[in-house]
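Participant:
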Amino acid sequence: MKPPPKLSYEFCALTDTGRVRSNNEDAVAIHEATQLVMLADGMGGYSAGEVASGMAINYIGTEFAQWLEDAPANTPVAEVRRALEACVDNANHAILGASITNPQYLGMGTTLVVGVFRGDRLILAHIGDSRCYRLRAGELRQITRDHSWLQEQVDMGLFTPAQAAASGLRNLVTRALGVDASMHAEVNEFTVEPQDLFILCSDGLTDMMSDDDLAALARLPIALPDKAQRMVDLANARGGRDNISVLLAQAGAQDTRRSLVSRLLRMP
Numbered sequence: 005m006k007p008p009p010k011l012s013y014e015f016c017a018l019t020d021t022g023r024v025r026s027n028n029e030d031a032v033a034i035h036e037a038t039q040l041v042m043l044a045d046g047m048g049g050y051s052a053g054e055v056a057s058g059m060a061i062n063y064i065g066t067e068f069a070q071w072l073e074d075a076p077a078n079t080p081v082a083e084v085r086r087a088l089e090a091c092v093d094n095a096n097h098a099i100l101g102a103s104i105t106n107p108q109y110l111g112m113g114t115t116l117v118v119g120v121f122r123g124d125r126l127i128l129a130h131i132g133d134s135r136c137y138r139l140r141a142g143e144l145r146q147i148t149r150d151h152s153w154l155q156e157q158v159d160m161g162l163f164t165p166a167q168a169a170a171s172g173l174r175n176l177v178t179r180a181l182g183v184d185a186s187m188h189a190e191v192n193e194f195t196v197e198p199q200d201l202f203i204l205c206s207d208g209l210t211d212m213m214s215d216d217d218l219a220a221l222a223r224l225p226i227a228l229p230d231k232a233q234r235m236v237d238l239a240n241a242r243g244g245r246d247n248i249s250v251l252l253a254q255a256g257a258q259d260t261r262r263s264l265v266s267r268l269l270r271m272p
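Using this note's numbering, the letters of the sequence shown correspond one by one to residues 5 to 272.
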């Protein structure tokens, strides 16, 4: 079987407390060596949200990143997916255990979006209402589905997407990491094309702007750090009612260095 093309990737992350909250319960992390990206939005009372999101990012960032470093480059995607599911499940139990054994953390939990790029594939797990979007050929598409009460109403035809967007009940999540031992993440796999831009974000960003606004910023021909800053700045300019986090992953061209060397050396 022909191996998948090797794409180059560029990453950038930014998190901001916002204009209203006094502390930041979001957490973001990038492991460039393994092309692992993570974003979490904690909940559960004073400081507990920070604990939950931090535990999720640190636990998965340690356990799964180590697994990726040890795994051969040709490891089947299905095996990578199973390892990701296991690590997220372990993080869920760790957060739930901390909540049960520490009264000050009772009821804490966190959303999570975690992705790993392997060649031209993205394995993406999510739980809660933090999102991942993909900008391809100028078109923005949300590739995660919110685990929220409002999304359930939309799915049942009781709300239109426009009514849901205008509702004051946007933050009622139906699934979160660390609140139930049987809770599982939704895991999907996507093909990546050169120049795809992936946007992982907390609801502090998307509650402050429409998808059209986000798409317009995503299309700007500027460096990734500037693009992330523009997104955070717009969310703050419109009120910044929650913590704001954004993580950008840009797929570049195929890595042709090996084939070029092969041609120069006249190797097959």
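Using N, Cα and C, we set each Cβ at its ideal position, and we do this for glycine too.
1. Taking Cβ to Cβ, would you say residue 196 is nearer than 9 Å to residue 255?
2. Expressed to the nearest angstrom, what Euclidean distance is found between the alpha-carbon atoms of residue 20 and residue 44?
3. State buried or exposed for residue 24, treating a residue as buried only when at least 16 other CB atoms are found within 10 Å of its CB.
4. At the level of alpha carbons, what is the spacing between residue 135 and residue 100?
5. Fully enclosed by the region 196–259, which alpha helix (DSSP H) runs are 4 residues long or longer?
6. Could you pull out every unbroken alpha helix (DSSP H) segment of at least 4 residues lying fully inside the region 96–159, listed in chain order?
7. Go through its chain and collect everything with a Cβ distance to residue 95's Cβ below 6 Å, but skip five positions before and after it.
8. Leaving out five residues before and five after residue 73 in sequence, what residues of the same chain have Cβ atoms less than 8 Å from its Cβ?
9. Helix, strand or coil, according to DSSP, for residue 17 in the structure here?
10. Note the first and the last residue of the continuous beta strand (DSSP E) segment covering residue 44.
11. Exposed or buried, residue 264, counting other C-beta atoms within 10 Å across all chains shown (16 or more means buried)?
12. Please classify residue 216: is it buried, with 16 or more other beta-carbons within 10 angstroms of its beta-carbon, or exposed?
13. Would the beta-carbon of residue 189 fall within 9 Å of that of residue 92?
14. Please name the residue or residues paired with residue 32 in a DSSP beta bridge.
15. Check the DSSP bridge columns for residue 193 and list the partner residues they point to.
16. So for residue 183, helix, strand or coil by DSSP?
Facilitator: Walking through what the data contain:
1. Against a cut-off of 9 Å, the Cβ pair of residue 255 and residue 196 comes out as a contact.
2. 13 Å
3. exposed
4. 22 Å
5. 207–210, 215–222 and 228–241
6. 153–159
7. 60, 63 and 64, listed in sequence order.
8. Excluding sequence neighbours, residue 73 sits near 37 and 38.
9. strand
10. 40–47
11. In this prediction, residue 264 scores a pLDDT of 44, lower than 50, which makes its location untrustworthy; the coordinate-derived value is nonetheless stated afterwards. When all chains shown are included, residue 264 counts as exposed.
12. exposed
13. Yes, Cβ-Cβ distance for residue 189 and residue 92 is below 9 Å.
14. 43
15. 127
16. In the structure shown, residue 183 sits in coil (DSSP, three-state: anything other than H, G, I, E or B).
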